[in-house]
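The next block holds one structure in the form of structure tokens; read it before the comments.
4 protein chains.
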Amino acid sequence: MAVLGVGVMGADHVARITSRISGARVSVVNDYVTEKAEQIASGIDGCRAVADPLDAIADPEVDAVLLATPGTTHEKQLLACLDHGKPVMCEKPLTTDVATSLEIVRREAELGRALIQVGFMRRFDEEYIQLKALLDGGELGQPLVMHCVHRNPSVPSYFDSSLIVKDSLVHEVDVTRFLFDEEIASVQIVKPSSNPAAPEGVIDPQIAILRTESGRHVDVELFVTTGVAYEVRTEVVGERGSAMIGLDVGLIRRSAPGTWGGQITPGFRERFGRAYDTEIQRWVDAVRTGSTTGDYTAGPTAWDGYAAAAVCAAGVESLETGLPVDVQLAARP
Amino acid sequence: MAVLGVGVMGADHVARITSRISGARVSVVNDYVTEKAEQIASGIDGCRAVADPLDAIADPEVDAVLLATPGTTHEKQLLACLDHGKPVMCEKPLTTDVATSLEIVRREAELGRALIQVGFMRRFDEEYIQLKALLDGGELGQPLVMHCVHRNPSVPSYFDSSLIVKDSLVHEVDVTRFLFDEEIASVQIVKPSSNPAAPEGVIDPQIAILRTESGRHVDVELFVTTGVAYEVRTEVVGERGSAMIGLDVGLIRRSAPGTWGGQITPGFRERFGRAYDTEIQRWVDAVRTGSTTGDYTAGPTAWDGYAAAAVCAAGVESLETGLPVDVQLAARP
Amino acid sequence: MAVLGVGVMGADHVARITSRISGARVSVVNDYVTEKAEQIASGIDGCRAVADPLDAIADPEVDAVLLATPGTTHEKQLLACLDHGKPVMCEKPLTTDVATSLEIVRREAELGRALIQVGFMRRFDEEYIQLKALLDGGELGQPLVMHCVHRNPSVPSYFDSSLIVKDSLVHEVDVTRFLFDEEIASVQIVKPSSNPAAPEGVIDPQIAILRTESGRHVDVELFVTTGVAYEVRTEVVGERGSAMIGLDVGLIRRSAPGTWGGQITPGFRERFGRAYDTEIQRWVDAVRTGSTTGDYTAGPTAWDGYAAAAVCAAGVESLETGLPVDVQLAARP
Amino acid sequence: MAVLGVGVMGADHVARITSRISGARVSVVNDYVTEKAEQIASGIDGCRAVADPLDAIADPEVDAVLLATPGTTHEKQLLACLDHGKPVMCEKPLTTDVATSLEIVRREAELGRALIQVGFMRRFDEEYIQLKALLDGGELGQPLVMHCVHRNPSVPSYFDSSLIVKDSLVHEVDVTRFLFDEEIASVQIVKPSSNPAAPEGVIDPQIAILRTESGRHVDVELFVTTGVAYEVRTEVVGERGSAMIGLDVGLIRRSAPGTWGGQITPGFRERFGRAYDTEIQRWVDAVRTGSTTGDYTAGPTAWDGYAAAAVCAAGVESLETGLPVDVQLAARP
């Protein structure tokens, strides 16, 4: 796999592919800052830096391409991927204007193969997946209204008013299309008096009002200089109840006959599934590095197993009598 | 890697290693039900079933062993792993009695290498990790008291009163030792009147009262026939505040000067890091299977990228005028 | 005090004045349904029904007037109150049109005495008071944006689209003016596709967008046929954080450096102040009716005091030994 | 009504009876600090201070007695109330030892009239009332276990280990008896290592373990030097679910099929009932003091009513067009 662009986002993706997911490896990296690409390549077995992104795409050792380059270069690179028939995962935006985006869509359609995936990652987030499932399940009836909040504590110095639309609102646009399965028909930006802490000339907060083709209403508070934290919230109001995610407490439903609340994790797999993944990943990592350290573990040891056994044995004894039982531990070898 | 025992837990681990984590593959599986082992092996590239667990451990192609066999077989298998110098991840219990557990600890100590890891997965759970960090950070002062709840909706028919101690309490024992960094000095089981829905003869709920060496108090409600869901809760009360996890709303602190609450996700990485992992894992999986389907994507398509661009372009226009702007979409190719 | 109009609202007020608050009594009631007024008057010591509301206002035994009559009669009755110099508490609306409302304001101003109070009760609600105090305290900086939700499970059959504005939105209008201490400069009603469960011809939900004189943005979801419950929510987003009330969990703040949460009740007075009020009110009621029943209590009895003392005495004994101590209770006389 | 003892608690009760509840007035106050009693009496119409509590009880103008004197004087004063046949509301404790408490119970029983109410105010708290109703409704099945937390930020300097039992635990004792409708059979106090911030010699925290006659288990964390706030929490675990109050978020249920949550306020009366009470109480107070200030209002004015009307009229206009409508306000007279 080739990763093009290894800035913050691309470097994250390289680390992800290399150490947290199964079935792929990074064989080529590219960045317009060549030192950066070389530094990252040198840290990965069997990976090299390539100077020209188009060479990386064309490379016969590359089965798929991850695009984390600046948006302005996407058009050319996507077309190259299509030409070579290579699957490509493209960080947003697809391209920087509507006409070229449409051109990409058409070229891919002519190929007859779906090669391009766009990086709207929220569709893979557990809370959005739960919300989508709840809507599709029909328990809330048809959705009528959606309220979104998108707050950043701060933004880079190059941010301006239109980037708030193109970089922040774009996620809510995709969320709307994902959750409601329909297109957006119109959009309006309302401009309240600005936050004094916003950079000179930047309109922030902004309120976006979307109307879908079927007439659903979506409002979005966009506020990127809150000084607080990253707050992304979505509330859908349906014919028979509402649901909200993004309050840091999971999905909260409010429905007839007048109750609010969430789901309790049903079982140990749902509750601790990720902990198991992490446990085994850490152990595998430890085993691989153990020959140099003599320690092939990354967690509870045999002693922890023994000590737990000793306490439980005392517990079983107390189960008979109901009285406190002292735990006798051997000296630790 | 060899996975011994491919019942519910072992099969989960095989799937985990094969499709969700990086850097390991399952080359050997074993189960006393040989058909099960063979069925699982046949689904994995380069994996075979081996009839005798000790052969699997001895196999030179096996670098590490994951033990998900019944507890009664652990002693023999762990000793074999030690003999062969192979790292082993052992699902709880270490062994089924205190004496053999201690023997294992001693044999490993003689080897001078840490080869055995025990499967107390909660230490890898994000909420427990946050709680541990909070305690170690000292903001709550020294912990004085801990309240735990361990509720299952139901248990298998073979469960009895002592298994509630050995199988449920054991996790809270490890949590206590993990969070407090000290051993448990005594344990008492209190028996309230039982739930009528508990199986004949099973004492449920039980209340366990632990006292650590330094005198800290831990109480644990063990209740395995609630009919509700899986509820695992831990509250630590320190000198200067308390913190609770397991209410399905993240870690909640209560501290001076009289506030309660949680942490807001600080940034997009913390908020959507797992979504990115899933996005890329799904995409990698899709790319690998795409040659047969013609679809190399697992999520938003080029059309989704185009539609979002069209809405944002209308948004940027409205940013000027403040008026609603219609979104013009081309026909979908 | 005279209560004019003893429908649902007025009858509530009569009960309130008669049995829950201090320092006033209802001496005159009036309703256009004279039987209703007479029935209510007959249940109250020293109260009589009066047929003409203007007579009630003029009555020299009446020190103040509570107006819970239909809005269409308010103008005449308010002017009568002003003429007689009587303080009047007027349920919303002040009058049914803007011109007469202004006329009332002017007539009162000419009198030079503030005689008219309008029934916007939210200003007396603890959550709104807390929110106002938080804003005035300046911790969140200047408020920039406010999101309101106003949901009813259902509405009476006479409700129409404009009543949603006049009867529901009016509360949010007052909340805006109360919290922000400024006037509203413009208002826009957005109409999403309607709830199929709304009555024929009624536009529901509606979204109201208010802009204050200084440019603050307020949006209000008005939805009166949700089938769920009564949901009134207000979130204020300020320069340095946000706060929300109406989620049935008290006031929740979200502020730097990235925490969310609420206030813990600081002391027993704040926690149980209302319980004390209720306790004493119930006891006073019981004492007044006790002569007929022989029971002058409305709560825990001497036996409850004795039993608690017996348990605590056993507790003090256990405090010495740490062992369980049996509680010995005498037979209940 | 006579109020004996006008320290913190008694003075609160005097204020309560005088200004927040209906149907009673304080005609006599008494305190062993006579200046205090006189000062309080002087602030209330028709109230005088009496030096001897027994004279106050005997006073023919006194219909009922509220006892907020030190516990050591209760026995004598309660007996006097019984002798005079006067209803008495006695702050806890009934008396300071078990034998005299029992004697009081017997004397009252001989009289054949229930004259004594004890001040366990939690029975009048909305959350406890909701919890009791939930248990009595049977939805959670029989209660099996209860966990209580009783935390104070700090305690007066005279507090000692046994006062934690007698003054703090006593409330949980009454809560247990109230919620479970049965007596407590045994009590055990467990002593963890103490909070360094607790006064020298005071055992704090303490853990109380109660067992009811039918075998239910109750544990109580008593911790009176937390430095945080006032935290009183109660969780009941029943056969078919659990419920918790005291987390500052109302009553939270956890029940089959695996959901957690609370009740949404069903209607405006439940949501704003107390706000209406406060609104009218404040208005009544304002009317009574208005003659000196010229202001007979305590809240929204006619101008507020006019401004709201003007905004709603603009809203109704916008309802037609969907466009923003400017609000035209007259100059404020």
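Residue numbers (the working numbering), protein chains in the order written: chain Z, 33 to 365; chain R, 33 to 365; chain U, 33 to 365; chain G, 33 to 365. Glycine is no exception: its CB is placed at the ideal position from the N, C-alpha and C atoms.
Please list the terminal residues of the continuous alpha helix (DSSP H) segment that includes residue i.
i        : result
R:Glu253 : R:Glu253 -> not in any alpha helix (DSSP H); beta strand (DSSP E) instead, spanning His249 to Phe255.
R:Glu140 : Val130 to Leu143
R:Gln174 : Unbroken run through R:Gln174: none, as it is neither H nor E.
G:Arg48  : Val40 to Ser51
G:Leu351 : Ala334 to Thr353
For residue i, return the contacting residues in chain R, with the cut-off set at a CB-CB distance below 9 Å.
i        : result
Z:Asp115 : Within chain R, no residue comes near Z:Asp115; the closest Cβ sits about 15 Å away, beyond 9 Å.
Z:Arg154 : Phe304 and Ala307
Counting only Cβ pairs nearer than 7 Å, list the residues of chain G close to residue i.
i        : result
U:Leu134 : Tyr338 and Ala362
R:Glu271 : Asn227, Pro228 and Ala229
U:Ser194 : Val348 and Leu351
For the beta strand (DSSP E) that contains residue i, what are its first and last residues?
i        : result
G:Gly305 : First-last for G:Gly305: Phe300 to Thr325, but that is the alpha helix (DSSP H), not the beta strand (DSSP E).
U:Ala240 : Gln238 to Thr244
G:His116 : No beta strand (DSSP E) contains G:His116, which DSSP labels as neither H nor E.
G:Met33  : Here G:Met33 belongs to no beta strand (DSSP E), and DSSP marks it neither H nor E.
G:Gln149 : Ile148 to Val150
G:Arg272 : It is not in any beta strand (DSSP E) - G:Arg272 carries neither H nor E in the DSSP assignment.
R:Ile30  : Chain R is shown only over 33 to 365; residue 30 of chain R falls outside these bounds and no answer can be derived.
Using a Cβ cut-off of 7 Å, pull out every chain R residue sitting near residue i, in sequence order please.
i        : result
G:Ala261 : Gly290
Z:Ile49  : Ile312
Z:Ala96  : Val319
If residue i sits next to residue j, beta carbons under 8 Å apart, how far is it from one beta carbon to the other, in whole angstroms?
i        : j        : result
U:Thr128 : U:Ile136 : The Cβ separation is near 12 Å, so there is no contact.
Z:Val281 : R:Gly282 : 7 Å
U:Val181 : U:Glu263 : 6 Å
Z:Leu163 : Z:Ala275 : 6 Å
R:Arg154 : R:Asp206 : 7 Å
U:Gly55  : U:Ala100 : Between U:Ala100 and U:Gly55 the Cβ distance is about 20 Å, and since that is not below 8 Å, they are no contact.
U:Ile30  : G:Gln313 : The displayed coordinates of chain U run from 33 to 365. Any statement about residue 30 of chain U would go beyond what the structure contains.
U:Asp192 : U:Val260 : About 21 Å separates the two Cβ atoms, so there is no contact after all.
R:Val97  : R:Val120 : 4 Å
Z:Ile196 : Z:Val256 : 6 Å
U:Leu201 : G:Gly347 : 6 Å
What residues from chain R crowd round residue i, counting only those whose CB sits closer than 8 Å?
i       : result
G:Glu14 : Look at the range of chain G in this structure, 33 to 365, and you will see that residue 14 of chain G is not part of it.
Verify the contact flag: residue i, CB atom, against every heavy atom of the ligand ZN, threshold strictly below 8 Å.
i        : result
U:Ala339 : You won't find the ligand ZN in this model; it holds no ligand whatsoever.
Residues of chain U with CB under 7 Å from residue i, in chain order?
i        : result
G:Leu355 : Gln220
What residues of chain G sit near residue i, judged by a beta carbon separation below 8 Å?
i       : result
U:Leu36 : Within chain G, no residue comes near U:Leu36; the closest Cβ sits about 15 Å away, beyond 8 Å.
Checklist entry - Which residues, in order along the region 324-335 of chain Z, keep a beta-carbon less than 9 Å from a beta-carbon of chain U? => result Listed by position along the chain: nothing, the set is empty.
Item to check | Contact residues within the region 280-310 of chain G, judged by C-beta distance below 7 Å to chain Z | outcome: Of all residues in the region 280-310 of chain G, Arg286, Gly290, Thr291, Trp292, Gly293, Gly294, Gln295, Ile296 and Pro298 have a Cβ within less than 7 Å of some Cβ in chain Z.
Item to check | the region 80-88 of chain U touching the region 50-65 of chain U, judged by at least three CB pairs closer than 8 Å | outcome: Contact between the region 80-88 of chain U and the region 50-65 of chain U is present, with at least three C-beta pairs closer than 8 Å.
Checklist entry - Do the region 84-95 of chain G and the region 272-292 of chain U make contact, defined as three or more Cβ pairs closer than 8 Å? => result As far as the Cβ criterion goes, the region 84-95 of chain G does not touch the region 272-292 of chain U, which means the pair count is below three.
Next on the checklist: Along the region 236-263 of chain Z, where does the CB come closer than 8 Å to a CB of chain U? Name the residues.
Outcome noted: Cβ contacts with chain U come from Pro237, Ile239, Ile241, Arg243, Ser246, Gly247, Arg248, His249, Asp251, Glu253, Phe255, Thr258, Gly259, Val260, Ala261 and Glu263.
Checklist entry - Counting Cβ pairs, one atom from each stretch, are 3 or more of them under 8 Å apart for the region 211-220 of chain U and the region 228-236 of chain U? => result Too few Cβ pairs lie closer than 8 Å, so no.
Item to check | Interfacial residues, the region 76-89 of chain R to chain Z, with Cβ spacing under 8 Å | outcome: Correct list: empty, as no residue qualifies.
Next on the checklist: By the 9 Å beta-carbon criterion, what residues does the region 159-180 of chain G contribute toward chain R?
Outcome noted: Residues of the region 159-180 of chain G with a C-beta atom less than 9 Å from some C-beta of chain R are Gly173, Gln174, Leu176, Val177 and His179, listed in chain order.
Item to check | the region 205-217 of chain U in contact with the region 295-311 of chain U per 3-pair CB rule at 8 Å | outcome: Verdict: no, contact absent.
Checklist entry - Quick one, which residues of the region 211-235 of chain R are near chain G if we go by CB-CB under 7 Å, in chain order? => result The region 211-235 of chain R vs chain G, Cβ under 7 Å: Val222, Pro224, Ser225, Asn227, Pro228 and Ala229.
Checklist entry - So does the region 140-153 of chain R actually touch the region 314-333 of chain Z, counting three or more Cβ pairs closer than 8 Å? => result Enough Cβ pairs lie closer than 8 Å, so yes.
Next on the checklist: If contact is defined by three or more beta carbon pairs under 8 Å, each pair taking one atom from either stretch, is the region 172-189 of chain R in contact with the region 333-342 of chain Z?
Outcome noted: The answer is no - the region 172-189 of chain R does not touch the region 333-342 of chain Z, with fewer than three Cβ pairs under 8 Å.
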